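Enquirer: Submitted below is the structure of interest, expressed as structure tokens.
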Amino acid sequence: MTNNPELDVLVIGTGAGGAPLLARLAAAGLRVLALEAGVRHRPAEMPTDEVAQAGLFWMDERLSAGKDPVGFGRNNSGRGVGGSTLHYTAYTPRAQPDDFELLKEFGQGVDWPLSYADLEPYYDEVEQFLGVSGPSEYPWGPPRQRPYPHPALPLNGAALLMEQAAQQSGIRTSAAANAALSRPQEQEGYGLRPACSNRGFCQAGCSTGAKASLDVTYLALAEARGATIWEGAQVTKLLMKGGRVSGAEFVRGGKTQTLHARQVVLAAGAIETPRLLLLSGVGNSSEQVGRNFMAHVGVQVWGLVDDDLRPYKGIPGGLISEDFHRIPGLVGGYLLQSLGVMPVTYATQYARGTGKWGAALSEHLSQYNHVAGINVLGECLPYAGNFLELSSELDERGLPKPLIHFSFGENEHRMAKHAETVMRDLWAKIGAREVWALPRAAHTIGTARMGHDPSSNVVDAFGRSHDTPGLWICDNSTFPSSLSVNPGLTQMALSLRTADALIAELKA
Amino acid sequence: MSAQERAAVIAALNGPAVTAPTRATLLERLDARYERQFLSETEFARLRAVAVRLVPHDPAEMDLSGLIDQRLHQNLSDGWRYADTPADGPAYQGLLAALPSNFETLSGDEQDAAIHELQASQPHPFEDLLAELTEGFMAHPLTQYRFGYAGFMDAPGWPRVGPNELEAREIAYGESGNDQ
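In order, the protein sequence lines correspond to chains Z and C.
No gaps in the numbering here: position 56 of the first sequence is 56 in the working numbering, and each next residue is one more.
No gaps in the numbering here: position 137 of the second sequence is 137 in the working numbering, and each next residue is one more.
And the structure:
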């Protein structure tokens, strides 16, 4: 298929940005092909072991600078057919309408070039298609057009303890929305997906297909509708012809190859997308590529309880509260969620977060079965000092490694402090001991922002490059603000919206 | 590891509650030993001495230092590093070189004092080494047995997930299980 003039759309990346779009384009009868740097990870081949599952993550070295350097690798990145959804917790809250209008509300940050109403039908479509499990009544945000297709998943130990503590504190909670099945579901293009077995290893890959990673949902549909996915294809450069993006150069099986298409969609995530644009010298007349990098305020609070909780069981994030969506004196807010955790993740976080070693470390870890956690996901504003650039250090392909600068601003520091106080108070209510807090940032957002003004944004409201024809960007790099919710569901909704715009353009 | 512990771990891993990919992974890890290839003999001896103070373990039971040496030899990354820190190999060599020259022969308390100084003077490389040793330790089947962790026995699923709702295979497995 090399240099095939018949290819309509070339998609780079098969995660939450690339996959729904690929399915939509294929269903519209377009000839589409996706390049994925990682390989296929079939559910039944996944061990219940975090170390063995390192291959789900982007392990090429990234350099982290700033006052609050962001960890990558086994956090914040995915590699494989399905991208980061292979290891997401399948936590799928919708953003609220005011999340898209921070500037209007607070005079800080920027507004999105689209509204909640623009995304609402897509949110609904994604929830129904993935088979989201959730509560019948959700206390926050606008009412949904249709209820969640499946009842909520069972609450595990940490979730039940958080529920109990929140009741005493007058904080409302709800079972969360999770894209993991509480009942079996027939999935078009894939087959029957079973109900969740409560294995709790969502972040190390689901071994049954109950979790809606994109390999068993949108990508299966895409392939059933004629899309092609080439795995193990590492894109190294975007190609230009006659002033437009015309394809990509990539390394596959040790060989450098090229592919051309009428339109190219870059869906490689908020690190690799700007890296490729900068490497290729494309799409950056605004000089905003790599700018406005954001990562959610993600502080976690952990404690030990007498109950035998077995934190490896159940959906890790089962209970939510959006009561802190707005906090007087702060810009934006955060959501609270209960946390289950796998053993190695907990142990390494504890070692890094507390700096403890020796007997103090092993004694604490020996009580792993009694660990309960809560965390937040909070708004992060864009700052001039938070950006991605190409490092002078080269990777094994001879390409510059990405260097990411990140420091929390005043608002993020105050939000983290507020959240830590709330969570410590909750854990005090249930008598947790050895309570400790892990300061943390989660998710990679920004770096190729969408907006109406070409001078200060990289793409328009549909993901179309402002300055380079033939190029679209569809991943969380385009988020103008971080939103105070997990990005997965919103990203998939945006992906379908971009697909509709692409189809309209190609058929015009 | 006592013969009894080893037998219990192997019996659990070979049991019907463990899926084939999980079984293969954990059985291989149980007996994994590595030949030193990256660090010098002197550096490696010191790493072993530091490692048992940082994450108490018996190197004859689990080869955590060898695991690190092997990774450095293979030049495998965990996906990121602090920009102010050299690459993992030189960073760890720098940590080891910063310890007193007679570190291995010091008393446990003296070693701990030297490690505290190292933690203060080179926080980022120290954190990386500590996390890597902790990962190797917690991922080892023997540690998991001793801590009563049974999450790998997941083939039948976990129908009940609330506090103290344990399945028989969880209660039976490991020292914490035996205590209750």
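Glycine included, every Cβ here is placed at the ideal spot set by N, Cα and C.
Since the structure is predicted, the reported quantities are computational estimates derived from the model, not experimental observations.
In angstroms with no decimal places, state the Cα-to-Cα distance between Ile503/Z and Asp467/Z.
Expert: Ile503/Z and Asp467/Z: Cα-Cα distance of roughly 20 Å.
Enquirer: For Pro43/Z, which of helix, strand or coil comes out of DSSP?
Expert: Correct three-state label for Pro43/Z: helix.
Enquirer: Suppose you measure from the CA of Leu304/Z to the CA of Ser169/Z; what does that come to, to the nearest Å?
Expert: Those two C-alpha atoms are separated by around 20 Å.
Enquirer: Whole angstroms are fine: how far does the CA of Arg146/Z sit from the CA of Leu76/C?
Expert: So the alpha carbons of these two residues sit roughly 47 Å apart.
Enquirer: With 7 Å as the C-beta to C-beta threshold (strictly closer), list the residues of the stretch 289 to 310 of chain Z near chain C in chain order.
Expert: Flagged, chain order: Asp307, Asp308, Leu309 and Arg310.
Enquirer: Glu188/Z to Asn198/Z, Cα distance in whole Å?
Expert: Near 24 Å, if we compare the C-alpha coordinates of Asn198/Z and Glu188/Z.
Enquirer: Which whole runs of the alpha helix (DSSP H) in the stretch 41 to 93 of chain C are 4 residues long or more, in chain order?
Expert: Correct list: 41 to 54 and 64 to 74.
Enquirer: Does the stretch 405 to 415 of chain Z come within contact of the stretch 370 to 382 of chain Z, defined as at least 3 CB pairs closer than 8 Å?
Expert: Counting Cβ pairs under 8 Å, three or more are found: they touch.
Enquirer: Which word fits Gly317/Z, buried or exposed, when buried means at least 16 other C-beta atoms lie within 10 angstroms of its C-beta?
Expert: By the 10 Å Cβ count, Gly317/Z comes out buried.
Enquirer: What residues of chain C sit near Glu50/Z, judged by a beta carbon separation below 8 Å?
Expert: Ordered by position in chain C, the residues that pass the 8 Å Cβ test against Glu50/Z are Ala139.
Enquirer: Determine the closest residue to Tyr190/Z out of Ser174/Z, Tyr218/Z, Phe201/Z and Leu63/Z, with distance taken between C-alpha atoms.
Expert: It is Tyr218/Z whose Cα lies nearest to the Cα of Tyr190/Z.
Enquirer: Please report the Cβ distance between Ala19/Z and Leu214/Z, rounded to the nearest whole angstrom; I am assuming they are in contact, meaning their Cβ atoms lie under 8 Å.
Expert: Indeed they touch by this definition, with Cβ atoms about 4 Å apart.
Enquirer: Give, in chain order, every residue of the stretch 22 to 47 of chain C whose Cβ lies closer than 7 Å to some Cβ of chain Z.
Expert: Here the close residues are Thr22, Thr25 and Leu26.
Enquirer: Using the beta-carbon count (16 or more within 10 Å), is His443/Z buried or exposed?
Expert: Buried.
Enquirer: Measure the alpha-carbon distance for Pro156/C versus Gly136/C and round it to whole angstroms.
Expert: Spanning the two alpha carbons is a distance of roughly 27 Å.
Enquirer: Would you mind working out which of Gln167/Z, Pro47/Z and Arg352/Z sits nearest Ile320/Z, comparing C-alpha positions?
Expert: Per the Cα distances, Gln167/Z.
Enquirer: Using a C-beta cutoff of 7 Å, does Thr2/Z count as contacting chain C?
Expert: Only weak support is given to the placement of Thr2/Z: the predicted model assigns it a pLDDT of 46, under 50, and the value that follows is read from those uncertain coordinates. Thr2/Z does not count as touching chain C.
Enquirer: CB Gly134/Z to CB Tyr148/Z, shorter than 7 Å?
Expert: Yes, these two residues count as a Cβ contact at 7 Å.
Enquirer: Please report the residue range of the alpha helix (DSSP H) in which Gln367/Z lies.
Expert: Unbroken run through Gln367/Z: none, as it is neither H nor E.
Enquirer: What does Met46/Z reach in chain C if we use C-beta pairs closer than 7 Å?
Expert: Simply Pro21.
Enquirer: Measure the CB-CB distance between Gln111/C and Arg53/C and report whether it falls below 7 Å.
Expert: Contact flag set, yes.
Enquirer: According to DSSP, simplified to helix, strand and coil, what is Asn3/Z?
Expert: Residue placement at Asn3/Z is flagged as unreliable, the pLDDT there being 45, under the threshold of 50; a coordinate-derived value is accordingly withheld.
Enquirer: Please confirm whether Phe408/Z has its beta-carbon closer than 7 Å to some beta-carbon of chain C.
Expert: No, no contact with chain C.
Enquirer: Can we say the stretch 418 to 431 of chain Z touches the stretch 50 to 62 of chain Z, given the rule of at least three CB pairs closer than 8 Å?
Expert: Flag = no, the stretch 418 to 431 of chain Z and the stretch 50 to 62 of chain Z do not touch.
Enquirer: Can you give the Cα-Cα distance for Ala222/Z and Ala210/Z, rounded to whole angstroms?
Expert: Going from the Cα of Ala222/Z to the Cα of Ala210/Z covers about 19 Å.
Enquirer: Cα separation between Lys104/Z and Pro56/C?
Expert: Approximately 55 Å, taken between the alpha carbons.
Enquirer: Relative to chain Z, which residues along the stretch 69 to 84 of chain C have a C-beta separation below 9 Å, given in chain order?
Expert: Under the 9 Å Cβ criterion, the stretch 69 to 84 of chain C contributes Asn75, Leu76, Ser77, Asp78, Gly79, Trp80, Arg81, Tyr82, Ala83 and Asp84.
Enquirer: Name the residue from Ala34/Z, Ala179/Z, Asn476/Z and Tyr368/Z whose alpha carbon lies nearest to the alpha carbon of Thr258/Z.
Expert: The shortest Cα separation from Thr258/Z among Ala34/Z, Ala179/Z, Asn476/Z and Tyr368/Z belongs to Ala34/Z.
Enquirer: Which class does Tyr334/Z belong to by DSSP, given the choice of helix, strand or coil?
Expert: Strand at Tyr334/Z.
Enquirer: Where does Tyr91/Z fall in DSSP's three states?
Expert: If DSSP states are grouped into helix, strand and coil, Tyr91/Z belongs with the strands.
Enquirer: Taking 7 Å as the threshold (C-beta atoms), are Gly314/Z and Gly200/Z in contact?
Expert: Yes, Cβ-Cβ distance for Gly200/Z and Gly314/Z is below 7 Å.
Enquirer: So, at 7 Å on beta carbons, what are the nonlocal neighbours of Asn178/C in its own chain, with the 5 sequence-adjacent residues on each side left out?
Expert: Here the model assigns Asn178/C a pLDDT of 48, short of 50, so the residue's position is not dependable, and the following value carries that caveat. Taken in chain order, the list of residues that qualify is empty.
Enquirer: Enumerate in chain order the residues of its own chain whose CB-to-CB distance from Glu104/C is below 8 Å, with the five nearest sequence positions on each side excluded.
Expert: Closer than 8 Å at Cβ, skipping near neighbours: Ala45, Arg46 and Ala49.
Enquirer: Beta strand (DSSP E) containing Val9/C: first to last residue?
Expert: Not the beta strand (DSSP E): Val9/C falls in the alpha helix (DSSP H), residues Ala3 to Leu13.
Enquirer: Could you check which residue in Pro154/Z, Ala224/Z and Gly82/Z has the C-alpha nearest to that of Ala212/Z?
Expert: Nearest option by C-alpha distance: Gly82/Z.
Enquirer: To test your reading of the DSSP string, which unbroken alpha helix (DSSP H) runs of 4 or more residues are found completely within the stretch 204 to 255 of chain Z?
Expert: Entirely contained in the stretch 204 to 255 of chain Z, the alpha helix (DSSP H) runs reaching 4 residues are, in chain order, 218 to 224.
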